[in-house]
Amino acid sequence: MAKTFSNVAKAVALLIFCLAVSVSGMSDHVPEAACQSMVPLGHNAQAQTSSPPYVLKVPQGRVPIGSEVNVVVAGMNPQIMFKGFFIKAFDQSTGQPIGSFTKAPKTINCDGTASGAHHAGPHLKESEVLAWSPPPNFKGSVIFMATIVMERTVFWTNVVSSPLVFA
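Those letters in the sequence shown? Residues -25 to -1, 1 to 142, by mature numbering (1 follows the signal peptide of the UniProt record, and there is no 0).
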């Protein structure tokens, strides 16, 4: 009898955990399966087709070769918040993923060590400041591309920064 009760208690605890993750709308994990498409898995929705209310802010002008830079994920204004994001950097001339995030809530090894960065939980955020480094001696232009989630079923893909020029 005690063993059956223990199994039932475990099953109930597992069910409560699963419901808590489901109700929160998102987990704090971006699976590697999302690395290529950058589309949220399990959100059961299509990306919004309207212009995103979010921006990726990068330094303007030329940046010295080898410099670490800050990338800011933010709403167009402080009232526009978000729950999640997934971002990667790309060599503008080749379209290949490039560099690594050195400061982020969480990183993912999509195309190399820490080549992607994402949220650490589904709480609302006004902005997130990330640090990113190019490969050694990289000279050229980089763009950042992100998926940004407002709510579980409301998200934008292909949010793109202005080019960041290393020279």
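For every residue, glycine included, the Cβ atom is placed at its ideal position computed from N, Cα and C.
Whole-angstrom C-beta distance between residue j and residue i, which should lie under 8 Å
i	j	result
residue 60	residue 124	7 Å
residue 65	residue 117	7 Å
residue 43	residue 106	6 Å
residue 103	residue 80	7 Å
residue 14	residue 139	Their Cβ separation, rounded to whole angstroms, is 24 Å, which puts residue 14 and residue 139 out of contact at 8 Å.
residue 62	residue 119	6 Å
Span of the beta strand (DSSP E) around residue i
i	result
residue 47	44 to 50
residue 118	115 to 126
residue 93	91 to 93
residue 55	Note, residue 55: premise wrong, no beta strand (DSSP E); not H, not E.
residue 106	102 to 108
residue 83	81 to 83
residue 30	29 to 32
residue 133	129 to 135
residue 5	Residue 5 -> no beta strand (DSSP E), and no H or E assigned at all.
residue 140	139 to 141
Residue from the options whose Cα sits closest to the Cα of residue i
i	options	result
residue 121	8, 6, 7, 12	12
residue 131	103, 87, 28, 142	28
residue 113	137, 7, 69	69
residue 19	141, 126, 138	126
residue 6	98, 83, 97	83
residue 109	55, 67, 103, 97	67
residue 111	137, 95, 73, 37	73
Classification of residue i by the beta-carbon crowding that lies within 10 angstroms, buried from 16 upward
i	result
residue 93	buried
residue 39	exposed
residue 47	exposed
residue 91	buried
residue 128	exposed
residue 141	buried
residue 26	exposed
residue 16	exposed
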